[in-house]
Every structure is written in structure tokens, then in C-alpha cells.
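K.L.:
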Amino acid sequence: MLDIRLIREQPDFVKSRLATRGGEDAAKIDEVLRVDAERRKTETVLQQCNADRKRLSKEIGAKRATGEATEEIEARVREIGEEVARLNEQTSAADEQQRELLLGIPNLPHANVPAGKDANDNPVVRSWGEKPELKDPLDHVALGTKLKLFDLERAAKLSGSGFICFTGPGARLERALIQFMLDLHTREHGYLEMSPPFLVRRECMIGTTQLPKFEEDMYGLEEQQLFLAPTAEVPVTNYHREEILAASELPKKFVAYTPCFRREAGSAGRETRGILRVHQFDKVELVKITTPETSYAEHESLTADAERVLQLLGLHYRLIELCTGDLGFGSAKTYDLEVWSPGQNAYLEVSSCSNFEEFQASRMNLRFKDADGKNRFCHTLNGSGLALPRLFAALIETYQRADGSIAIPEKLQPYFGADEIR
RNA sequence: GGUGAGGUGGCUGAGUGGUCGAAAGCAGCGCUUUGCUAAAGCGCCGUACCCCAAACGGGUACCGAGGGUUCGAAUCCCUCCCUCACCGCCA
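So the first sequence is residues 0 to 421, counted in my numbering.
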């Protein structure tokens, strides 16, 4: 969340940066300032009362020791006590209100993020490879059905629409991709592999900004007060929550494969054909915890690490930068990686690489000790490396052959154990 | 799930109602002594927040979390969370 001190000291700057996102957050800033001023006023009075009570209580102790009467002071302290209780309630209510307001205000876009209204204004940063030349390519649903790589109808029988059941060579290809990506990131890019819990506490979901704003998109277990993680970002970034790390151990680089659970409320009809938008999918996720000084360099290298997957698999892609109006709630800067899908005749988002700066760290109280011994918030970053179903779709569509079989890219063959599917 | 023990500062560990934000030791930082190493002595050494133009200034809160009792709670009571041990159940 945003630093209340920054809001206090430079409200106009904060408002103008938020305005580039296109929302109406200026009113929230005014509201939070009002609550903050009120809160500090009562807090000062409260602290004065507490000081009085503390002093007088000690006096009672001293007088009792010498046998002096204390009834009068006791009565006074009791009065102050009532006042304290009242003010206490007021301050903690204001505290809570302030935190709630702050949790609902999005991050400031980094100064160099291109201004824009929506996805149409996202500039292409670079692209790699070429669109494959295919005559009447089948899309992944046709291919997958024909070669029995997955079964969407039977998956719906199990869990409803929006679920996939990979089968036979499809299941094996999925697993091969996961293994391939984990090996690449751990062996060549220096990430530490994690296999975290998939169910997480509410505080974690607040820490990485899924809550409180996007609760309707999350699956939760009401009774147990746990949520199904919509991405490994949640358990992995929160791994060090409430900790003070040594500057020397930063940056920390984690890679984790997990299933991801998303309700996708309100997205019915959009990109819902086949396996492109589902309620449960697998993903390999990259997470970094860094110092503020290095986070943007680490952001570039994290993005490059994700791109490497597509390069090694020989899949055409482009990298776009999200403009201010399209930026996610907690992000200061984001690159989206889009792979080419011959079947859709479109680019599919397979990774979103973001630098959250201290937005998440402040929510989860994740800090490090700097060279001067001061505790400062870390910066957190993450990006998919990559999301499986769309990668799967782009891969089988790109490598389909005229005879209906699918070639397996060379780098993947050792993992898949064959050079084609037919 | 049951029973029992426990959760105090970076660590170890005292503290069972008053002057305790908390003894002591270790680690860390600074200074002094010393030919070097070692050792010794002295001092500093938690976090968050509030007031102040600012300070090596003043203040409040925090002893797992939240409530309660009391003039006053690390200390007493209740609820919850977590850790450990044993038992039960289980992949």
C-alpha cells in the first residue's frame, strides 16, 4: 500500500500519478488525509491521558508504601481510565478505517510507464521469431480432440465448464513443459525451487493484493478461512512476510510450479473457448525479493528469463509494456509476454512480469536492513515463467503438421520422451 | 481429534500485580589500554507511532494475537493462533 507519509507530504503528486490510471482515486486520497488528520489528533490526546494515568498510578503505589491515603487519586485515575477507553476505541477505529482506505488505493505507476487509456495503448517493446506459415491451421481444441490430448466435456462432467482434463500424451506434454521450465530456471537462471502450499491464509492474499479488492475472483474455504491460491505468487512472495532480511541475502529468486485457481467471475464469453481461460490451470512462477536499488534491473532480467522459455521452444512472441491505464492494481510497471497462436490468429498472454516496488512489501511488512542499519521495505517482483494451458495451445498449434501430427521441439524431446505426437 | 508443556528484545534466559521496555549473558557497534593476536575496561546497542522547524529533545504503545479484571498487568482470568511431547486417526 502507499505510504501515508508520502500522501501527507505530496498529495497532489500522488493524485496526479493515480490519475494516469484513469480511476477516480483522488477522492480516496482526500478521504484518507481527513481520517489521518483526525486519527493523529485523537492519538495525541490519548497519549497525554495515558501519560497522566501512568504517572498517577505510580504515585498510588508510592503512597500505599508509606501508608498515605489514595482514594482521591484513585477516583481521578478512574475518570482518566474512562476517557482512555473512549479515545482508545476512537483511535483504533480510525486506524482500521485508514488501513482499509489505503488497502483500496492502487500503486503509483513508475515515472517511465507510458501514459495510456487501455490495452490498445500498450506499446510493443520487442518481438522474437516469426509467425509460422501454416495452411489452414487447426486450433488447439480441434488438435487436442483429434489426438486425445485433453477432454473438456468429461472435465465439465467432473467440475463444470472451465476445467481441463489432460489425457495420455497431452498430460505427458504438460508435465514435460513444467519439468523443462523448472530445470531451466533453477539450473541456468539461478532460481531456488519451491513447492509451496496451495491453500493460504487471508493475510497472504492481502499481502499480494488479491484481497480485499478482488475477493469475488477467488475460491475460498469459508469454514477453514483459507483461500485457494490464484497464483504461486501468493505463497512464495509471502514466504518471508513479517521478516527483516539481511541486505546481503538479496535478491532472493524463487521459482515454483503450482496449480492456480480462479473463479474468473464476470469473464464469461471472453476467450473462454478451449483451454485459454479456465478455473484451474498449472503455472511456473518466478518471484524476486530485492532492494529498491536493484529492482528495475531485476525486473528486466526476470522478464528475459521468462522470454527464454519461448525462445528455446521456438515460439514466436512479442513483449508489450502495459500503459498506465492498463496496469494491474499493485504494479508499478508491467511487461506482458504474448505468444503467437496460429489457431486463434492472435497473441495470447502467457506471462505478466511486474515490479510492485514496496507496495506488497508494506502490506506484508517485509523489510531488509540496509547498510546504515535502517529497516526498509523490500521490493517484490513476479512473472509467470510460464502459464501452461496457453503455452500448450500455442505449442501444438505452431508445431502441427499437414498430416495431423504434432512435432515436439528439440529442447523438449528429452522431457517428453518422443519427437512427435500422432 | 485428545492430553500435557510452552510462546519475553538478533540469540540464550530472568522476571507471578506497582518505579519493568523489561535483569544477566552472548553476539554486534564505538572508544580506551596494548608491539601483534588475544584479553580487559567503559559506553552504545528493539520496533512502530505521536508531538516538535529540528535535535544526541519530549511522549505513547508493544513481553504470540484479541478481549477482561484492576487505580495499575509481561505477571491474574477468558478466547484464539502457533510450537513441542505423548496418544488416537490417517496418505
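By construction, the Cβ of each residue, glycine as well, lies at the ideal position given by its N, Cα and C atoms.
Following the continuous beta strand (DSSP E) through residue 193, name the residue where it begins and the one where it ends.
P.N.:
From DSSP, the beta strand (DSSP E) with residue 193 extends over 191 to 193.
K.L.:
Alpha carbon to alpha carbon, what distance is there between residue 258 and residue 388?
P.N.:
So the alpha carbons of these two residues sit roughly 11 Å apart.
K.L.:
Quick one: what's residue 337 bridged to in DSSP?
P.N.:
Answer by DSSP bridge pairing, in chain order: 317, 348.
K.L.:
Taking residue 342 and residue 148 to be in contact with their CB atoms under 8 Å, please state how far apart those CB atoms are, rounded to whole angstroms.
P.N.:
Between residue 148 and residue 342 the Cβ distance is about 13 Å, and since that is not below 8 Å, they are no contact.
K.L.:
If I follow the unbroken alpha helix (DSSP H) through residue 382, where does it start and stop?
P.N.:
Where residue 382 is concerned, there is no enclosing alpha helix (DSSP H), although the beta strand (DSSP E) it sits in stretches over 378 to 386.
K.L.:
For the segment 255 to 329, which segments carrying the alpha helix (DSSP H) assignment without a break, of at least 4 residues, lie completely within its bounds, in sequence order?
P.N.:
DSSP runs (the alpha helix (DSSP H)) wholly in the segment 255 to 329: 294 to 312.
K.L.:
Could you give the distance in angstroms between the alpha-carbon of residue 409 and the alpha-carbon of residue 139?
P.N.:
Computed Cα separation, rounded: 20 Å.
K.L.:
Which residue from 134, 63, 338 puts its Cα closest to that of residue 127?
P.N.:
Answer by Cα proximity: 338.
K.L.:
Ends of the beta strand (DSSP E) at residue 367?
P.N.:
Element bounds for residue 367: 366 to 368.
K.L.:
Cα separation between residue 28 and residue 167?
P.N.:
C-alpha separation (whole angstroms): 54 Å.
K.L.:
Would residue 282 and residue 351 be called neighbours here (beta carbons separated by less than 8 Å)?
P.N.:
The answer is no: Cβ separation not under 8 Å.
K.L.:
Do you know how far the Cα of residue 297 is from the Cα of residue 420?
P.N.:
If I take the Cα positions, the gap works out to 38 Å.
K.L.:
If we ignore side chains and look at the alpha-carbon of each, how far apart do residue 67 and residue 47 end up?
P.N.:
Using only the alpha carbons, I get a separation of about 26 Å.
K.L.:
Kindly provide the ranges of any alpha helix (DSSP H) runs that are 4 or more residues long and lie completely inside the segment 89 to 169, ordered along the chain.
P.N.:
Entirely contained in the segment 89 to 169, the alpha helix (DSSP H) runs reaching 4 residues are, in chain order, 139 to 145, 151 to 158.
K.L.:
How about residue 314 and residue 393: are their beta carbons less than 8 Å apart?
P.N.:
Yes.
K.L.:
Would the beta-carbon of residue 378 fall within 8 Å of that of residue 290?
P.N.:
Against a cut-off of 8 Å, the Cβ pair of residue 290 and residue 378 comes out as a contact.
K.L.:
Please report the Cβ distance between residue 321 and residue 333, rounded to the nearest whole angstrom; I am assuming they are in contact, meaning their Cβ atoms lie under 8 Å.
P.N.:
About 4 Å separates the two Cβ atoms, so the contact holds.
K.L.:
Give me, in chain order, the residues of the same chain whose beta-carbon lies closer than 7 Å to that of residue 197; leave out the 5 immediate sequence neighbours on both sides.
P.N.:
Within the same chain, residue 197 has close Cβ partners 227, 228, 257, 258.
K.L.:
First and last residue of the alpha helix (DSSP H) that includes residue 358?
P.N.:
That run of the alpha helix (DSSP H) goes 358 to 363.
K.L.:
Helix or strand or just coil, what does DSSP make of residue 399?
P.N.:
Three-state DSSP puts residue 399 in a strand.
K.L.:
Report yes or no: do three or more beta-carbon pairs, one from the segment 83 to 95 and one from the segment 6 to 18, lie closer than 8 Å?
P.N.:
Contact between the segment 83 to 95 and the segment 6 to 18 is absent, because fewer than three Cβ pairs lie under 8 Å.
K.L.:
Could you tell me the distance, in whole angstroms, from the CA atom of residue 240 to the CA atom of residue 295?
P.N.:
Those two C-alpha atoms are separated by around 21 Å.
K.L.:
For a minimum of 4 consecutive residues, which ranges assigned as the alpha helix (DSSP H) are wholly contained in the segment 198 to 250?
P.N.:
Counting only runs of 4 or more, we get 201 to 206, 232 to 236.
K.L.:
Check residue 375 in the structure and name its three-state DSSP category.
P.N.:
Strand.
K.L.:
Please name the residue, chosen from 293, 277, 39, that lies closest to residue 250 on a Cα-to-Cα basis.
P.N.:
Answer by Cα proximity: 293.
K.L.:
Is there contact here, the segment 350 to 365 with the segment 206 to 224, by at least three beta-carbon pairs under 8 Å?
P.N.:
Short answer: they touch.
K.L.:
Residue 58 bridges to which residues according to DSSP?
P.N.:
None, per the DSSP bridge assignment.
K.L.:
Which of the three DSSP states, helix, strand or coil, is assigned to residue 417?
P.N.:
Of the three classes helix, strand and coil, the one that applies to residue 417 here is coil, per DSSP.
K.L.:
Grab the span of the alpha helix (DSSP H) containing residue 15 for me, first residue to last.
P.N.:
Here the alpha helix (DSSP H) through residue 15 covers 10 to 18.
K.L.:
With distances taken Cα to Cα, identify the nearest neighbour of residue 311 among 109, 221, 184, 34.
P.N.:
Among 109, 221, 184, 34, the Cα nearest to that of residue 311 is on 184.
K.L.:
On the CB-based measure, 16 or more other CB atoms within 10 Å of its CB, does residue 159 come out buried or exposed?
P.N.:
Under this definition residue 159 is an exposed residue.
K.L.:
Compare the C-alpha of residue 179 against each of 403, 391, 165, 404 and name the closest.
P.N.:
Here the closest residue by C-alpha is 391.
K.L.:
Reducing DSSP to helix, strand and coil, say where residue 392 ends up.
P.N.:
DSSP places residue 392 in helix when its eight states are reduced to three.
K.L.:
With a CB to CB cut of under 8 Å and the five nearest residues on each side skipped, what residues in its chain are close to residue 83?
P.N.:
Around residue 83: 45, 48, 49, 52.
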